[in-house]
Amino acid sequence: GTNIQSILNILSKDDIKATFFLTGNGIKNHGSKIREIIKQGHDIGNHAYSHPYFTKISTAETKKL
435 GTNIQSILNI LSKDDIKATF FLTGNGIKNH GSKIREIIKQ GHDIGNHAYS HPYFTKISTA
495 ETKKL
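Per the numbering used here, the sequence shown starts with residue 435, numbered consecutively.
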C-alpha cells in the first residue's frame with residue numbers, strides 16, 4: 435500500500451505544498467490518489483517509469499540502466 439493519503443492529510447493540516455516524485459507504475463496503479471495530489475495543489479515530478487531495487491542487483495546491472 436501507499437501512504438499518500440496520510441501524507442496529504444499532514445500537508446493539508448499544516449498548509450504545506452509538496453512535490454511528489456512518482457514512477458509511471460505508481461501513476462498507472464493509483465490514478466485517483468494522483469488526482470487528489472493535483473487537486474490539493476501539489477506538483478508531480480517524474481521518477482522514471484519503473485526501476486529495480488538497486489540493493490538487489492549487481493553493480494554491472496546498475497550501470498546498464
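Cβ atoms here follow ideal geometry from the backbone N, Cα and C, with glycine treated the same way. Since this is a predicted model, take the numbers as computed values, not measurements.
- According to the DSSP assignment, ILE478 belongs to no alpha helix (DSSP H) but to the beta strand (DSSP E) extending over 477-480.
- Residue pairing by DSSP puts PHE455 in a beta bridge opposite GLY479.
- Its Cα nearest to that of SER446, the residue GLY475 stands out among LYS467, ASN463 and GLY475.
- For a cut-off of 8 Å, the C-beta gap from ILE438 to LYS462 is around 14 Å, too long to register as a contact.
- DSSP, read as helix, strand or coil, puts SER466 in helix.
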